[in-house]
């Protein structure tokens with residue numbers, strides 16, 4: 014499946030959560046990752062995030078799609094993912 | 014169509030952009046809005062954002078779906094939208 018993940022995590026925990034998310038998904042913008050994941054990998058990712066996050070303060074929204082083809086993406090301004098891939102960030 | 018919008022906008026401009034986005038979409042989490050939009054409304058929204066944003070520094074990702082039914086949402090931790098709707102934020 015194709016997954017978009019957006020997080021809002023307290024400062025003390027955000028770097029740990031980002032590090033884990035990056036093992037499963039591509040970073041595309043501040044607090045946003047996306048990518049193709051199996052159901053099993055997503056379950057593992059969720060468990061790993063839940064171990065770190067504060068469930069009363071933090072929030073992670075996971076949008077699941079059958080396939081990336083269900084999405085059309087438009088970017089206004091710079092494509093931060095592209096900038097990161099080029100090694101500028 | 015159903016739209017997810019995530020922005021990464023410099024501090025000086027972010028409040029103006031958020032204010033505009035809120036006229037078209039529902040705020041769901043820090044830097045994330047979503048909602049049903051017509052093609053025409055989306056074009057207007059994009060033009061209004063582009064008038065304010067700095068295209069060399071800021072980034073707005075707009076994910077478009079045919080229908081909300083193409084998405085399944087899972088939330089870990091708190092649902093910031095719900096908290097906001099309840100008037101706690």
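Chains as they are written, first to last, in the working numbering: chain G, 14 to 102; chain F, 14 to 102.
By construction, the Cβ of each residue, glycine as well, lies at the ideal position given by its N, Cα and C atoms.
| query | result |
| --- | --- |
| Neighbour flag for residue 93 of chain F against chain B, beta carbons, 8 Å | Protein chains in the displayed structure are G and F, and chain B is not among them. |
| Contiguous alpha helix (DSSP H) assignments of at least 4 residues, all confined to the region 16-89 of chain G | 24-35, 52-65 |
| First and last residue of the uninterrupted alpha helix (DSSP H) at residue 98 of chain F | 93-98 |
| Spatial distance of residue 77 of chain G from residue 68 of chain F (CA atoms) | 29 Å |
| CA nearest to the CA of residue 90 of chain G, picked from F:14, F:17, F:21, F:16 | F:21 |
| 8 Å Cβ cutoff met for residue 39 of chain F and residue 46 of chain F | yes |
| Buried versus exposed call for residue 42 of chain G [16 or more other C-beta atoms within 10 Å across all chains shown] | buried |
| CB contact check: residue 51 of chain G to chain F, cutoff 8 Å | no |
| Which listed residue (F:85, F:54, F:70, F:18) has its alpha carbon closest to that of residue 93 of chain G | F:70 |
| Whole-number beta carbon distance between residue 26 of chain G and residue 65 of chain G, since they are thought to touch under 8 Å | 5 Å |
| Interface positions of the region 60-83 of chain G facing chain F (Cβ-Cβ less than 8 Å), listed along the chain | 62, 63, 66, 67, 68, 69, 70, 71, 72, 73, 74, 75, 76, 77, 78, 79, 83 |
| Proximal chain F residues relative to residue 19 of chain G, where beta-carbon distance stays under 8 Å | 19, 42, 44, 45 |
| Identity of the residue in G:88, G:74, G:85 nearest residue 86 of chain F by Cα | G:74 |
| Backbone CA spacing between residue 28 of chain F and residue 44 of chain F [nearest angstrom] | 10 Å |
| Close beta carbons around residue 72 of chain G, own chain, < 6 Å, minus the five adjacent residues each side | 21 |
| Check whether residue 15 of chain F and residue 84 of chain F have beta carbons under 8 Å apart | yes |
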